[in-house]
């Protein structure tokens, strides 16, 4: 049988039909192939749907999509490689949708977690603080020394010496345990670490405000329109038991509530999927749902890699699918280090996991999930050490001196789900080069649909610059810095423009306050507030869209 490269695709949240998301991904690959030089990376043809039996369960089978990549050799098209695309389809694993009260408690939990994490002492929430350390550009050797000192600061002896665990206590401990030159470097890094933590907390708060302000503006706009319309309609009717103003408010409130309920119905399944993934209590039904989905993806990856005709594999995960497929692969990698498997099984498992050359996380919530839900308080330092050594560690045998799968994360500031990923850490000590601890290439892109969050979240595969990077890895097994740089988005919104947008936001909030203080029953004031909300939203959209079009023009040059 002909050797082939496998692509395992894991879709995101929602209720997609089986192979619908994978088919859209294949279409994006096809379009990108048509843009490529036929004499270099070539193009894909002969796309067909096939069936194969599972090697683990002989009584079952699965579908896959096969295609051939062609290249022009001496100006003639020649088939050069076979590919198979598998989908880790998990949407069929149904679970109960969460109620609105449960979602409210979940959001409240996130808010409290953020508050306690931000206001905690230096020893508390160590996992979260380590992620901030990993964002600082510093030599890997110095970072490892700081990691070691921070771990020592958390042991039982130092908990007794420094019971409060404050930052000044940590600085004192660094001075005690370091040589003169090392002390200076570590003290500077500790100060930069603390500044980075404060900056991260401030940015998270400002992002929450930036997200909530347009939502508040939209809600006020909808309410104002309903209030103005109802005041005119109800004004023609006389009520003996109810004032016209009160009746208008009731009608506007109920109409706005109905519109919000419609939005809730549309987003309920999406929120439930996210809640299922972020549930850490092992006895909860949502946690069991999460485990089933990861095991489904793990079994598929293991089955595909075990085929001797599979020469190489690329993993692609979109949205929550990126967390599922990465978790599944890390579990396969951990299996290779199990102490009770035979040498033959270990060598076979190692050869299989090393077939994976690239992992693409697209619109991924991995960092946000890790920060908000995997950050234990660190009260029990034994438990924390077990937890810290487990999630998101890029360890042998997949990663090591030979290299390992290259992880590329595509994210966008306008996609509320995605972010940079700094929690994927190399467990292997390298030569101490700058930034060697981070095991992922973060590329901020501008997906089609920017700046609308939902459109941006689903627009990555329509971005030709992002697809150029993925296509190159699929076709050649390599990634060029030139393509990754071309896909990278650098915002150039000027400082004065940001100041104007901030001023408009303050004016909008001031308009709401004046409306409430002067006369909340005045329909024309409501229209004025709605107009201010519309102006605010339009200005933000125009500035962002102009920045996006500038990027598209730059990227084409």
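Residue numbers (our numbering): 2 to 558.
Even glycine gets a Cβ: it sits at the ideal position worked out from N, Cα and C.
With a 10 Å radius around the Cβ and a threshold of 16 neighbouring Cβ atoms, residue 169 comes out exposed. For residue 104, the enclosing alpha helix (DSSP H) covers residues 101-119. Residue environment: residue 369 is assigned as buried (16 or more neighbouring CB atoms within 10 Å of its CB, all protein chains considered). If you look at residue 158, you'll find it in the alpha helix (DSSP H) that goes 157-162.
Look at residue 466 here: in three-state DSSP terms it is helix. A distance below 6 Å between beta-carbons, with the five flanking residues on each side excluded, links residue 122 to the following residues of its chain, in chain order: 166, 167.
Here DSSP, grouped into helix, strand and coil, assigns residue 339 to coil. For residue 88, the enclosing beta strand (DSSP E) covers residues 77-88. The three-state secondary structure of residue 480, taken from DSSP, is coil. In the DSSP assignment, residue 372 falls within the alpha helix (DSSP H) that extends over 367-374.
Secondary structure at residue 73: strand, using DSSP grouped into helix, strand and coil. With fewer than 16 other Cβ atoms inside 10 Å of its own Cβ, residue 543 counts as exposed. Every beta strand (DSSP E) of 3 residues or more that sits fully in the region 293-319 is shown, in chain order, as 311-319. Taking all protein chains shown into account, residue 78 has fewer than 16 neighbouring C-beta atoms within 10 Å of its C-beta and is therefore exposed. Counting along the chain, the unbroken alpha helix (DSSP H) around residue 22 starts and ends at 21-36. The C-alpha of residue 231 is placed about 37 Å away from the C-alpha of residue 206.
The beta carbon of residue 360 sits closer than 6 Å to the beta carbons of 316, 406, 408 from its chain, once the five residues preceding and following it are set aside; these are given in chain order.
The beta carbons of residue 454 and residue 505 sit no closer together than 7 Å. Judged by DSSP in its simplified three-state form, residue 423 adopts coil rather than helix or strand. Taking a cut-off of 8 Å for Cβ pairs, the region 532-549 and the region 487-495 touch, as three or more such pairs fall below it.
Residue 285 is classed as exposed because its beta carbon has fewer than 16 other beta carbons within 10 Å across all chains shown.
Taking the Cα positions, residue 210 is about 15 Å away from residue 200. Shown here, residue 273 sits in a helix according to DSSP, grouped into three states.
Of 48, 81, 73, 72, the smallest CA-CA separation from residue 65 is found for 48.
Taking C-beta separations shorter than 6 Å and ignoring five residues to either side along the sequence, the partners of residue 366 in its chain run 418, following chain order. Straight-line spacing of the CA atoms in residue 178 and residue 141 works out to 19 Å. In this structure, the straight-line span from the alpha carbon of residue 321 to that of residue 458 is close to 11 Å. Straight across, the Cα-Cα distance linking residue 14 with residue 173 is about 47 Å. Around the beta carbon of residue 353, 16 or more other beta carbons lie within 10 angstroms, which makes this residue buried.
Residue 442 is bridged by DSSP to 409. A direct Cα-to-Cα measurement between residue 338 and residue 61 gives close to 29 Å. By the C-beta density criterion, residue 192 is exposed, having fewer than 16 other C-beta atoms within 10 angstroms. Closest option to residue 534, judged by alpha-carbon separation, among 502, 50, 552: 502. Shown here for residue 537: same chain residues with a beta carbon closer than 7 Å to its own, the five before and five after excluded, namely 218, 505, 506, 509 in chain order. Selection 477, 484, 452 evaluated against residue 442 yields 484 as nearest (Cα-Cα).
Its chain contains 220, 223, 224, 227 as the residues whose beta carbon lies nearer than 8 Å to that of residue 257, once the 5 sequence neighbours on both sides are disregarded; these appear in chain order.
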